[in-house]
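K.L.:
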Amino acid sequence: MKTWRKDQVVENFFGVEVADPYRWLEDEELDETKEWTDFQNEKTTRFLEKTGHYEDTKKSLTDLYNYAKYSTPQKKGDYYYFYKNEGLQKQPILYRSKKLKDQDLEIVIDPLEFAEDGTAAITQIAFDGDGEKLAYAISYNGSDWQEVKIKNLVTKTDYPEVLKGCKFVGIAWDSSSKGFYYNCYPFEDEELHLNQGYDNAVYWHEVGKKQNQDSLIYKDKRREYAFYPTLSHDKKTLLLSGNNGTEPKNEILFKDLSKETDFQNLITGIDAQFYYLGNDGDNYYFETDYEATNSKLICINLKNTNKDLWKVVVAESDEPIQFSKYVNKKFIVCRMKDVMSKVEVYSNEGLFLEQIKLPEFITVMDIQNDKSSSDIYIHYTSFLIPQRILKYNIDSKEYTTIFQSDISEKLKDIVVKQVWYEGNDQTKIPMFVVYNKHLDLNGENHTLLYGYGGYGISMMPTFNPANALWVLSGGVYAVANIRGGGEFGKEWHKSAILENKQVTIDDFICAAEWLIEENYTSKSKLAIMGGSNGGMLVGACVTQRPDLFGGVLCLVPVTDMLRFQKFTVGRFWVTEFGCAENSEEEFKNLYSYSPLHNVRKGVEYPPILITTADSDDRVVPLHAKKFAATLQEKNEGNNPVLLRVEKNAGHGLGKPVSKLIDYNNDLFTFLFEVLQVSRKG
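All residue numbers for the sequence shown refer to the working numbering, where the first residue is -11 and numbers rise by one.
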């Protein structure tokens, strides 16, 4: 067996010496790193292809992925615009239609024009006021970096310019449609914006001109801040929303476009988030968690922005707001009731009008409106419904199904249940459990437990063909709504960050123990899965409780909690985790659960598959590589520790369907093998 180099790299943190023997794997350009990566991929492929599951799993996944997929339609001018993927197309195509019928489709943008292998994806679109021009962002190889192009929707041709340096870009067309405001990183210094991500600024771009002719509109003195432009609904005011990465607060600046004045502070110095919804004259409406852990809607009058004069329009309730819209002087409020969506309508004055009737166990993904009518389009999904898009008229109360993807016949025997279990401190935590209604609770069912628990992101019911395959094979799929997420508002998130991050890990371990205690499964039949922040979660769980799991999927993980802030956008995560260099207390906390630093020699770890991608510029591959190398060195026994490094892919953004199938085929082939699953379907 080939042995790999170990360096004598040691760092001193407040008197504690920490070895980092595989730091050389941080250098992606090093020949030895490339050789090591190729070796790992070949080893993983050999393992998977030798199982008895590989071909059958891929065939089943291909069948389950083969359904029509749509986005929520947007009405612009005479047309409705929406994405559609026929089923197995590599990328969805942007279409338009005058009648919202499949027989009336006209291609607007086909991403395969930019990359035939499907590795280019449309990540954002923004129409001008009349629907005659479209700015759209393209990501290549899954990168968070995007290029912005502009299409004339009358001639169906692109303008010559391509805007560079964009990441999570905001685009706001002005009322003349001659151009738009947007934010980007230094576009004339490739190395600066690709490697650092500092100095984000807002520019004005006039259509047809080169990017280096753009006018600088706003640049903040704080180099790490990014400001995203939005125009008020009446196009009279430019608003900028500024934040420092993933920090759960922002500030709002505004400027009257009819006057030659500087930007003024509207909201600043407040530890809360504010989302602009719309305006009615000088009354500007925001959704915020300011003094409202579950969020509320407020009105700020631009003529007097004093905080004491802010008015509550829709008050906070026991049910957190998932998102809100301001539509034709009505507020559409999507709330979470026990981690399931419900949609309410309020008047312009905040009077409750109705709750729109929708099924239970669903997640509303999006709501769009037709400004020329009282129609709204509601897009929802669930564990058993890939998607359904309804047109609902607020005045007539009439429903019409516009698009749906229905595989109900295949899932007719599958049920969804919500259970509640206790954390270590007796906090009640919900968990969704999906399984065949004829399941025998004999403690021997292969079970996959998923978790995330970070950044206030809620894990709500969604459809995934790979998870459907799992339950159709006789398995149990569970999603634990652990603390650190946003399922019960701001406090649910804040109770499990920084020095309390171990709470997230404990909550997930308690979910695993509950599934075993209730005879859904056993230790040898239980697998856990998580990605990104969730990859850190499962990495910490497997190093703390290696005895508890029969298999682990550790996907695009953060594992080096002492150095994450040194790479790409890692510095933005300090508000979630802390920083080992800040203080001895923060170091000790991070060191106590850092997956990389808690791998112990002589421990038999369960079978584990770790994944990353060569173009991941969010969670860089070094985390997965160093974790895999350390586990392979110290693991006692013969359980496989495998690494999968995907080529021409990123953190998951815009991944083509073919790559999704291949990716999930590897994940679930691995699980079927290590959990010794006898496939039932």
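Note that beta-carbon positions come from the ideal geometry of N, C-alpha and C, so glycine has one too. Being a predicted model, the structure only gives us computed values, none of them experimental.
Within 10 Å of its beta-carbon, does residue 310 have 16 or more other beta-carbons around it, so buried, or fewer, so exposed?
P.N.:
The residue in question, residue 310, is buried, as its Cβ has 16 or more Cβ neighbours within 10 Å.
K.L.:
Using 8 Å as the threshold, is the region 633 to 643 in touch with the region 127 to 147, meaning 3 or more CB pairs across them?
P.N.:
In short, these stretches touch, since the Cβ pair count reaches three.
K.L.:
Near residue 243, what residues of its chain come up, given a Cβ to Cβ distance below 6 Å and the 5 sequence neighbours on each side ignored?
P.N.:
Cβ within range, chain order: 226, 251.
K.L.:
I'd like the list of long-range same chain contacts for residue 676, defined as Cβ closer than 6 Å, with 5 residues on each side in sequence excluded.
P.N.:
The first residue shown for the chain is -11 and the last is 669, placing residue 676 beyond what the model contains.
K.L.:
Would residue 474 and residue 444 be called neighbours here (beta carbons separated by less than 7 Å)?
P.N.:
Cβ atoms of residue 474 and residue 444: closer than 7 Å.
K.L.:
Mind listing, in chain order, the continuous beta strand (DSSP E) runs of no fewer than 3 residues lying wholly within the region 498 to 556?
P.N.:
Listed in chain order, the complete beta strand (DSSP E) runs (minimum 3 residues) inside the region 498 to 556 are 514 to 519, 539 to 543.
K.L.:
Any chance the region 417 to 432 sits against the region 388 to 408, with 3 or more Cβ pairs inside 8 Å?
P.N.:
Segments in contact, yes.
K.L.:
State yes or no: is the C-beta of residue -10 within less than 7 Å of the C-beta of residue 9?
P.N.:
No, Cβ-Cβ distance for residue -10 and residue 9 is not below 7 Å.
K.L.:
Once you ignore the five residues that flank residue 338 on each side, which residues in its own chain have a CB closer than 6 Å to its CB?
P.N.:
For residue 338, where only same-chain residues beyond five positions count, the Cβ hits under 6 Å are 301, 302.
K.L.:
Tell me which residues share the same chain as residue 46 and place their Cβ nearer than 6 Å to its Cβ, disregarding the 5 neighbours each side in the sequence.
P.N.:
Closer than 6 Å at Cβ, skipping near neighbours: 653.
K.L.:
Count the other C-beta atoms from every protein chain shown that fall within 10 angstroms of the C-beta of residue 280, then say buried if there are 16 or more, exposed otherwise.
P.N.:
Result: buried.
K.L.:
Based on the DSSP secondary-structure assignment, which residues constitute the bridge partners of residue 324?
P.N.:
Answer is 329.
K.L.:
In this structure, how does DSSP classify residue 55 when only helix, strand and coil are distinguished?
P.N.:
Looking at residue 55 - three-state DSSP - the assignment turns out to be coil, as it is neither helix nor strand.
K.L.:
For the region 156 to 211, list the beta strand (DSSP E) runs that are entirely contained and at least 3 residues long, ordered along the chain.
P.N.:
Taking only runs of at least 3 residues, the beta strand (DSSP E) segments lying wholly in the region 156 to 211 are 159 to 161, 167 to 172, 189 to 194, 203 to 207.
K.L.:
What is the residue span of the beta strand (DSSP E) that residue 217 lies within?
P.N.:
Where residue 217 is concerned, the enclosing beta strand (DSSP E) stretches over 214 to 219.
K.L.:
Applying the 10 Å Cβ sphere with the 16-neighbour rule, what's the burial state of residue 239?
P.N.:
Buried.
K.L.:
What are the complete beta strand (DSSP E) segments, minimum 3 residues, inside the region 572 to 636?
P.N.:
Taking only runs of at least 3 residues, the beta strand (DSSP E) segments lying wholly in the region 572 to 636 are 596 to 601, 629 to 634.
K.L.:
Under DSSP, the beta strand (DSSP E) around residue 268 begins and ends at which residues?
P.N.:
262 to 268 is the extent of the beta strand (DSSP E) around residue 268.
K.L.:
Between the Cα of residue 236 and those of 257, 11, 218, spot the shortest distance and give me the residue it belongs to.
P.N.:
When each option's Cα is compared against that of residue 236, the closest is 257.
K.L.:
Write down every uninterrupted run of the alpha helix (DSSP H) in the region 25 to 78 whose length is 4 residues or greater and which is fully enclosed by it, in chain order.
P.N.:
For the region 25 to 78, whole alpha helix (DSSP H) runs of length 4 or above, ordered along the chain, are 42 to 53.
K.L.:
For residue 323, which of 447, 351, 298, 341 has the nearest alpha-carbon?
P.N.:
The candidate whose alpha carbon is nearest that of residue 323 is 351.
K.L.:
Looking at the structure shown, is residue 12 part of a helix, part of a strand, or coil, going by DSSP?
P.N.:
Reduced to three states, the DSSP call for residue 12 is helix.
K.L.:
Does the beta-carbon distance from residue 527 to residue 547 come in below 7 Å?
P.N.:
The answer is yes: Cβ separation under 7 Å.
K.L.:
Between 344, 554, 588, which has its C-alpha nearest residue 385's C-alpha?
P.N.:
When each option's Cα is compared against that of residue 385, the closest is 344.
K.L.:
When the distance is taken between beta carbons, is residue 125 closer than 7 Å to residue 136?
P.N.:
It is a contact, given that the beta carbons lie within the stated cut-off.
K.L.:
Between which residues of its own chain and residue 736 is the CB-CB distance below 6 Å, once the five residues before and five after are set aside?
P.N.:
In this structure the chain extends from -11 to 669, so residue 736 is not present and cannot be described.
K.L.:
Is the region 193 to 212 touching the region 161 to 179, taking contact as three or more C-beta pairs under 8 Å?
P.N.:
The region 193 to 212, when compared against the region 161 to 179, does touch it at the 8 Å Cβ threshold.
K.L.:
Quick one: which unbroken alpha helix (DSSP H) runs of 4-plus residues sit fully inside the region 354 to 415? Chain order, please.
P.N.:
With a minimum length of 4 residues, no continuous alpha helix (DSSP H) run stays inside the region 354 to 415.
K.L.:
Does DSSP put residue 244 in a helix, in a strand, or in coil?
P.N.:
In this structure, residue 244 counts as strand in the three-state DSSP scheme.
K.L.:
Identify whether residue 670 lies in helix, strand or coil by the three-state DSSP scheme.
P.N.:
Not covered by the structure: residue 670. The range shown for the chain is -11 to 669.
K.L.:
Tell me which residue opens and which closes the alpha helix (DSSP H) that residue 94 is part of.
P.N.:
Residue 94 -> not in any alpha helix (DSSP H); beta strand (DSSP E) instead, spanning 94 to 97.
K.L.:
When DSSP labels each residue in this structure, what does residue 126 get in the three-state scheme?
P.N.:
Looking at residue 126 - three-state DSSP - the assignment turns out to be strand.
K.L.:
So, at 7 Å on beta carbons, what are the nonlocal neighbours of residue 413 in its own chain, with the 5 sequence-adjacent residues on each side left out?
P.N.:
Closer than 7 Å at the Cβ level, and outside the excluded window around residue 413, lies no residue.
K.L.:
Using DSSP bridges, identify the partner residues of residue 433.
P.N.:
Residue 433 pairs with nothing; no bridge assigned.
K.L.:
On the criterion of 16 or more Cβ atoms from any shown chain inside 10 Å, does residue 606 qualify as buried, or is it exposed?
P.N.:
Buried.
K.L.:
Whose C-alpha, out of 562, 353, 295, 456, is nearest the C-alpha of residue 372?
P.N.:
Comparing Cα positions, the closest option is 456.
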